Amino acid sequence: MSLMRNGHASTSRGGGDEAGLTNNPAIAMDNYGATDETTTLANSDYLDGDEEEEGTPIEFSVRRSNDDPGTFFNDGKRKIDFVIVHEEEKLTEKQKQKKAREEQERIEKNLPAEEDEEAQQVMWRNKFLENLRRYGVEIELDIAEGDKKTITYYKLHAPWSVLEFFAEELNFRAPLQIYSGLASDVPGLDAHTNPSSNWSARMLKKLHIPNIMANNVPNKPLDFFTCSFKRSKIRKFLGSDNKDTFFTNTERTRVVNEILQSCTYGKRRRAEIGIDRLLEEDVFQAAYPLHDGTEEMPKGNLVSKEDLNKRQILNKYWARWGCWYKYQPLDHIREYFGEKIGIYFAWLGFYTGWLLPASVVGVLVFLYGIITVSFNVPAKELCDSGDEFKMCPLCDEEIGCTYWNLSSTCMQAEIAYLFDHPGTLFFAIFMSFWAVSFLEYWKRKQASLAHHWDVMDFEEEEERPRPEFAAKAPMMEENPITGIMEPYFPEDERKKRWLTGVGVLCGMVVLVLIFMVGVIMYRVLIDIPLSQNALLRNESQSIASMSSAVVNLVLIMVLGQVYQTLAGILNDWEMHRTQTEYEDNLTFKVFVFQFMNFFSSIFYIAFFKGKFVGYPGNYSTIFGLRNEACSNGGCLVELAQQLLVIMVGKQIINNCQEVAIPKLKQCWLRYKLRGSLGDRECKRWEADYQLVPNEGLFEEYLEMVIQFGFITVFVAAFPLAPLFALLNNWIEIRLDGSKYVSEVRRSVADRAQDIGIWYDILEFIANLAVMSNAFLIAFTSELLPRLMYQYQYSSDMHGYINFTLAHAPNGSTNEPCRYKDFRDPEGNHTIFYYQLLAVKLAFVIIFEHFVFGIGRFIDFAVPDIPESLEIKIKREAYLAKQALQEIQADSPLKTTPNLTVQAD
Numbered sequence: 001m002s003l004m005r006n007g008h009a010s011t012s013r014g015g016g017d018e019a020g021l022t023n024n025p026a027i028a029m030d031n032y033g034a035t036d037e038t039t040t041l042a043n044s045d046y047l048d049g050d051e052e053e054e055g056t057p058i059e060f061s062v063r064r065s066n067d068d069p070g071t072f073f074n075d076g077k078r079k080i081d082f083v084i085v086h087e088e089e090k091l092t093e094k095q096k097q098k099k100a101r102e103e104q105e106r107i108e109k110n111l112p113a114e115e116d117e118e119a120q121q122v123m124w125r126n127k128f129l130e131n132l133r134r135y136g137v138e139i140e141l142d143i144a145e146g147d148k149k150t151i152t153y154y155k156l157h158a159p160w161s162v163l164e165f166f167a168e169e170l171n172f173r174a175p176l177q178i179y180s181g182l183a184s185d186v187p188g189l190d191a192h193t194n195p196s197s198n199w200s201a202r203m204l205k206k207l208h209i210p211n212i213m214a215n216n217v218p219n220k221p222l223d224f225f226t227c228s229f230k231r232s233k234i235r236k237f238l239g240s241d242n243k244d245t246f247f248t249n250t251e252r253t254r255v256v257n258e259i260l261q262s263c264t265y266g267k268r269r270r271a272e273i274g275i276d277r278l279l280e281e282d283v284f285q286a287a288y289p290l291h292d293g294t295e296e297m298p299k300g301n302l303v304s305k306e307d308l309n310k311r312q313i314l315n316k317y318w319a320r321w322g323c324w325y326k327y328q329p330l331d332h333i334r335e336y337f338g339e340k341i342g343i344y345f346a347w348l349g350f351y352t353g354w355l356l357p358a359s360v361v362g363v364l365v366f367l368y369g370i371i372t373v374s375f376n377v378p379a380k381e382l383c384d385s386g387d388e389f390k391m392c393p394l395c396d397e398e399i400g401c402t403y404w405n406l407s408s409t410c411m412q413a414e415i416a417y418l419f420d421h422p423g424t425l426f427f428a429i430f431m432s433f434w435a436v437s438f439l440e441y442w443k444r445k446q447a448s449l450a451h452h453w454d455v456m457d458f459e460e461e462e463e464r465p466r467p468e469f470a471a472k473a474p475m476m477e478e479n480p481i482t483g484i485m486e487p488y489f490p491e492d493e494r495k496k497r498w499l500t501g502v503g504v505l506c507g508m509v510v511l512v513l514i515f516m517v518g519v520i521m522y523r524v525l526i527d528i529p530l531s532q533n534a535l536l537r538n539e540s541q542s543i544a545s546m547s548s549a550v551v552n553l554v555l556i557m558v559l560g561q562v563y564q565t566l567a568g569i570l571n572d573w574e575m576h577r578t579q580t581e582y583e584d585n586l587t588f589k590v591f592v593f594q595f596m597n598f599f600s601s602i603f604y605i606a607f608f609k610g611k612f613v614g615y616p617g618n619y620s621t622i623f624g625l626r627n628e629a630c631s632n633g634g635c636l637v638e639l640a641q642q643l644l645v646i647m648v649g650k651q652i653i654n655n656c657q658e659v660a661i662p663k664l665k666q667c668w669l670r671y672k673l674r675g676s677l678g679d680r681e682c683k684r685w686e687a688d689y690q691l692v693p694n695e696g697l698f699e700e701y702l703e704m705v706i707q708f709g710f711i712t713v714f715v716a717a718f719p720l721a722p723l724f725a726l727l728n729n730w731i732e733i734r735l736d737g738s739k740y741v742s743e744v745r746r747s748v749a750d751r752a753q754d755i756g757i758w759y760d761i762l763e764f765i766a767n768l769a770v771m772s773n774a775f776l777i778a779f780t781s782e783l784l785p786r787l788m789y790q791y792q793y794s795s796d797m798h799g800y801i802n803f804t805l806a807h808a809p810n811g812s813t814n815e816p817c818r819y820k821d822f823r824d825p826e827g828n829h830t831i832f833y834y835q836l837l838a839v840k841l842a843f844v845i846i847f848e849h850f851v852f853g854i855g856r857f858i859d860f861a862v863p864d865i866p867e868s869l870e871i872k873i874k875r876e877a878y879l880a881k882q883a884l885q886e887i888q889a890d891s892p893l894k895t896t897p898n899l900t901v902q903a904d
């Protein structure tokens, strides 16, 4: 058949489904999810010609050398802006005979015809394609015949008239043509290479040091003086003489996606609208914009780097492992993937850059511990004590535990000092200020990017309901904002479901706590036989602690996967109306659970373990077993072990998953599509269909936010945490870059001006970190007891070990022994204990007031928007007003008839 539009024709094959693509008389369009003007576009004669106001026909430009021919229609001129895929299974002869017999039996028995789901899908598909045609979208078919299935690729192209209408409707920004006499004295208002700079590049330049991180990426996107696109002022915009290249590929796909989301395929009152709902109903199998050609480099270096396509440039200068130390080409990323993905990588790169000073300070603090451990008097006294300190059994004597000498834990005491020395306090304060400063300066960076990428004033329009919501909503009700009848779910019922979801969340958190108790029991039960073994007695607690950390990591990863699946089911059941509401609620559920999942055992070790043990003759028990005490090196060492195993183990597992899972999914997709290509070369749309569907940024943000918690909330116990995070993020950037460039389908270039709700979560974690580190230093570290002893008793710390050991009450043990606590021989707390408790509480109050006070000062002193940027924004707004001041005075050159649309 022939698909005619504005004098262009393309040949398609096949029939049946494509009947709706012929030129039929105009039909009444449903206006659900669209404005009156959008509806007018679909039904008016505005799109009947692709001519300029003066009557000059639009000419297609010759393709540039870096445009992949596979991204165009068969005529080589019209760009493929989107692809929709439909798969149809081929019936075998036996299946056809069986179907015929069943139909014959139904007729003979005079049974009513069963609802034909396949026929319903064909009708929806035809209606949807026909309505796309009414919007002015041009469609070309490509049919791939396989052994077991037929795959139909619907290639979509938006002509100029559609693009310019929706560009104004969606408030696109366009580059202004600067005329002589108008703002000509202002430098930088014409197109120029965007001056991207950063502090490290400026610092190295001042020091005259070569910058190995510089990344000379070709075809850098130009920077323009822009304003909102207006059809009536098309001549004022740069590049308006070439209609084929005026809009970028990402803008074209955004327009077509808007049409796909708002186009109807059935009855409006049934919310039968949009491509997402059709994908949900399995009417189509995929919908995606094309990549700009292959990511593989041309063989033989016969093509200059300026002639590479955008995907090849990103692959060569960003996604490959050899670029791990280079700056990210953020403008190229934003140009190809859109602002939403661009700002994620900008945040990830900014966060990784800020990890560098935190890692350096953390390593220096750790090295300080290594250097000064030989001067640590308490550790030397412990190691030289010999048989002086006979310690009470670690478990009940009745089950075989024996007395032991404190000197046998010499190595643990020296290791403990590496994580618990005066530098710990400095590092905790430093990281608290680091977290606050990082968030404040990210707000400035975010504002600069939002302005530079023209999304400073971007706000989502009134969102249409989610396809899943529209499909399951029990009634229709008028939207008070748009006046359009929309699917509606009773608010009271939604609140009940939301509360039920919160109850399930609490139940899962309780399950996490139950598993945590199980890990504690495992640790106690493992420690008992190890303590009875003469060879392993000294290392029993370390072995039990490390092995339990591994068990805990496995449980955390399993529970995390189970709950994320459950959270998705609950979120669907709660019937959230818009995608934003859906994502925010899912983020809340998953973050709360994952935070408890990852940090509950760490909180237990940091603040509860060893605090309720009791003393000989009066030990506290749980399920008949003595409450576990801190290991010989102290709870801070155990905390460092737990952080090391969980944080690094999680990073390794996640990175392995990010490498393996996309490749496995790709292999599975190619296996399912085998036979549809034959021996011929894979076409661009077929190659992209074999890629993994893009699942968004939720998992990426969640992984980084949990990591941010590891390096801030308990950083006082593990100063090397920022270093491990830095190493992981260098890998993460390249893994994510390679995934988006090479392994997943290209997503629609969504706009965004910030990282959304994730910033609020980061701010919550930063505030929690201040309190956590204050309590960690006060109640878990040995820093305050040492300082008090040094101040009250001995400035050179001699006798500290003996001072911290209490004598077992008479008759409580078979032999006299010592245990670690500030108690008298009767088991009562000493005066020093209460003095120390008062000092600890005072320290927490002073620490958190000091850090929060300085943090608020930083918040006040560092404006969210740099002053120079504020001046630039005001100046550009003034010039834009000047440049377009006559828009309201002039009448439009071409108006759109205001047609009344008949609803179903």
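Mapping of the sequence shown onto UniProt numbering: residues 1 to 904, in sequence order. Yeah, the Cβ is synthetic: ideal placement off N, Cα and C, and Gly gets one too. The structure displayed is predicted, hence computed values, not measured ones.
Nearest-angstrom Cα separation, counted from residue j out to residue i
i	j	result
V524	L279	53 Å
F803	N810	19 Å
R702	F591	Checking the sequence shown, residue 702 turns out to be Leu, not Arg. Answer to the nearest angstrom: the Cα atoms are 7 Å apart.
P785	Y834	12 Å
F375	Y317	50 Å
F593	N405	43 Å
E848	F779	14 Å
S385	P378	10 Å
R235	I313	32 Å
D241	A167	17 Å
R125	R277	12 Å
V645	A549	6 Å
Classification of residue i by the beta-carbon crowding that lies within 10 angstroms, buried from 16 upward
i	result
W442	buried
V554	exposed
Y582	buried
P221	buried
S742	buried
H576	buried
D331	buried
Residue i versus the options, residue with shortest Cα-Cα distance
i	options	result
S119	S547, K496, V283 and W318	The question names Ser, yet the displayed sequence has Ala at residue 119. Of the candidates S547, K496, V283 and W318, the one whose C-alpha sits nearest the C-alpha of A119 is V283.
V361	C630, Y740, P722 and R745	P722
V705	F224, V85, T578 and I755	I755
S304	V502, P218 and T830	P218
M391	D384, T402 and E398	T402
E251	G338, V862, R231 and L207	G338
K609	S738, S600 and T372	S600
E381	G799, N571, P474 and N773	G799
E281	F419, Y819 and V122	V122
As assigned by DSSP and simplified to three states, the class of residue i
i	result
A567	helix
I845	helix
D859	helix
D142	strand
Y441	helix
P175	strand
D282	coil
P785	helix
T804	helix
M297	coil
L238	coil
S228	strand
A473	coil
Could you pull out every unbroken beta strand (DSSP E) segment of at least 3 residues lying fully inside the region 634–692, listed in chain order? none
Minimum length 4: unbroken alpha helix (DSSP H) runs contained in the region 475–536: 491–532
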